[in-house]
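Numbering (the numbering used here), first residue to last: 34 to 211.
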């Protein structure tokens, strides 16, 4: 790790944030009935799986989860060589379900808008709620997260990255300065 990188969440901090987010989701939705978790590739899908595990530990129920690749829904898709990060895998109906859309970091809001467009092409959920591990500010669209692990004010030229191990478990979140 370079001198211009700072760990803002370690594994224990991430675990605490994920547990808190899980409790907040369950409280707001009065349990896990009619909930589905959809993670944005790549990173949000790993966090969605982790939230699903925590929900099972707390409530005992199995919450369906899937992943969405927003590449072709991005508003910058025509500006360069964009390659899909993975495929969309949502093996259940979204109609009349409460979708918890999960991403690791929210920045401008454009990825979230793309994900909502993709979800609306698949079905008509009752609601879409947003859970993020880190909110770094600088929104360009009127989008906000319903559940936030940590707010980290950052400069536009800084970057925030979530690092995962080989088993897709989050290890740490770093603020990277130019």
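Every residue, glycine too, gets a C-beta built ideally from N, C-alpha and C.
Note that this is a predicted model, so its numbers are computed, not measured.
Per the DSSP calculation, residue i is bridged to which residue(s)?
i, result
"residue 183", "167"
"residue 172", "Beta-bridge pairing links residue 172 to no other residue."
"residue 71", "99 and 134"
"residue 207", "40 and 194"
"residue 122", "100"
"residue 160", "131"
"residue 139", "168"
Quick one: using the 10 Å Cβ neighbour count with 16 as the cut-off for buried, is residue i buried or exposed?
i, result
"residue 100", "buried"
"residue 42", "buried"
"residue 137", "buried"
"residue 200", "exposed"
Is the distance from the Cβ of residue i to the Cβ of residue j below 9 Å?
i, j, result
"residue 71", "residue 132", "yes"
"residue 143", "residue 107", "yes"
"residue 85", "residue 103", "no"
"residue 202", "residue 79", "yes"
"residue 204", "residue 63", "no"
"residue 65", "residue 90", "no"
"residue 191", "residue 141", "no"
Can you round the beta-carbon distance between residue i and residue j to whole angstroms, since I take them to be within the 8 Å contact cut?
i, j, result
"residue 40", "residue 169", "About 15 Å separates the two Cβ atoms, so there is no contact after all."
"residue 164", "residue 54", "5 Å"
"residue 146", "residue 128", "21 Å between Cβ atoms; not a contact."
In chain order, what residues of the same chain have a beta carbon less than 6 Å from the beta carbon of residue i, not counting five sequence neighbours either side?
i, result
"residue 139", "165, 168 and 178"
With a threshold of 8 Å on Cβ separation, who are the neighbours of residue i within its own chain once the five nearest residues in sequence on each side are excluded?
i, result
"residue 52", "87"
"residue 196", "203, 204, 205, 206 and 207"
"residue 149", "134 and 161"
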